[in-house]
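Note sheet for the following structure.
Dropping the structure here:
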C-alpha cells in the first residue's frame, strides 16, 4: 500500500481499537466500589480521600500500605478523589481510559518495531479484549496494573527512540519511565530482560553492532560477545532498579505479613508449585475459562497431573 493509504489504515486501526475497547468496558462505569481491597485503597482510606494534599503526597512516598510500596498508584487514586470525590464510576472510567491508552501504545510500539501493521493490530486487539484483563480494568484496586502497563509501554516507546538515535537524554528518559513504572507496580522488574529480547528480535541489535536495524550506523555482522556485553552493560542501571524494587517489595510485604513463613509451605513444595502456577496461567491465556478473583493455594497437596 502507498504511504497515504497506509496512514489511512493505521488511523482506522487506532480508531477501531479505541472505540471497541471503550464499548466493551464502558459498562464498568456504572459499577461501585467492592468490599475487596477497594475500601483499603480508596473508599475508607483517609489519606487518599483527602486528595492531592502535601500530607497525602508525603504519605504515598514514605508509607507502605496494603502490603505494597507504589507511590504513583496512590497519587493516581488521590487525583481521582481530588477530581471526582468518591464517585466510583469516574474511578472506573480512569481505569478504562488507561487501558485504552495502553492498547493504542502497544499497537504503535509493535508497528514501529516490526513494520507489520495488521499483525500488530491483532496483538493489540487481543491485549485489549482478553478476558484476563477484565480484572485489571473493572476493579478499581487494580489501578496499579493499568498504570504500570502505561509506563511499560512508554518505556518501550522511549527505548525505541533511544536505539534509533542514542543520546544521553533519550537514555535517561527511558530509565525515568521505567523507574516510574516500578513506583506504580513492581511487576515491571522483568522489563530489562524484555529489552534484551527486543535487542535480539525484532531490533536485531545483536547482529548490528548495537545499532538499530535500518539506521545509518547499522552494519550486518555475526553476533559478537563484545556486542552482547555492551548491550547487557547498557541495561545495568535498569537491572539495578529492578533489584532495589524487588528488595523493597520483599521487605514491605514481609513486614506486613504478606510473605508466608517457610514453615507454612516448605521450600520443596514452593519449587514444585512454581511450574504449576506458570503453566496454569498460560493455559488460562489460551483458554480463559473458570476465571476467579482469587485462587486458593492448594494447601499441601499438588496433583501429579499438575506437575507433569
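In full-length UniProt numbering, the protein residues as written are 1 to 308. In this text, a Cβ means the ideal position worked out from N, Cα and C, and glycines have one as well. Predicted model, so just to flag it, every value in this text is computed and none were measured.
In chain order, what residues of the same chain lie with their CB nearer than 6 Å to the CB of residue i, ignoring the 5 residues before and after it?
i, result
"residue 37", "141"
"residue 252", "64 and 69"
"residue 157", "109"
"residue 113", "202"
"residue 66", "40"
Where residue i and residue j are concerned, what is the direct C-alpha to C-alpha distance, given to the nearest angstrom?
i, j, result
"residue 61", "residue 169", "26 Å"
"residue 46", "residue 134", "27 Å"
"residue 246", "residue 186", "7 Å"
"residue 191", "residue 162", "16 Å"
"residue 248", "residue 177", "19 Å"
"residue 194", "residue 21", "26 Å"
"residue 51", "residue 26", "25 Å"
"residue 270", "residue 184", "27 Å"
"residue 13", "residue 268", "48 Å"
"residue 257", "residue 274", "21 Å"
Can you name, in chain order, every residue of its own chain whose Cβ lies under 8 Å from the Cβ of residue i, other than the five neighbours on each side?
i, result
"residue 146", "95, 98, 99, 102, 136 and 137"
"residue 132", "284, 285, 288 and 291"
"residue 127", "102, 103, 106 and 133"
Quick check on the DSSP output: the alpha helix (DSSP H) that includes residue i runs from which residue to which?
i, result
"residue 71", "71 to 84"
"residue 197", "191 to 200"
"residue 224", "Neither: residue 224 is in no alpha helix (DSSP H) and is coded neither H nor E."
"residue 153", "143 to 164"
"residue 120", "117 to 129"
"residue 171", "168 to 182"
"residue 248", "236 to 255"
"residue 29", "Unbroken run through residue 29: none, as it is neither H nor E."
Only counting the same chain, and skipping five residues up and downstream in sequence, which positions put a Cβ closer than 7 Å to that of residue i?
i, result
"residue 77", "41, 42, 48 and 143"
"residue 241", "178, 179 and 182"
- [ ] Decide yes or no for the touch test of the segment 76 to 94 against the segment 118 to 129: beta carbon pairs closer than 8 Å, at least 3 of them.
- [x] The segment 76 to 94 is not in contact with the segment 118 to 129.
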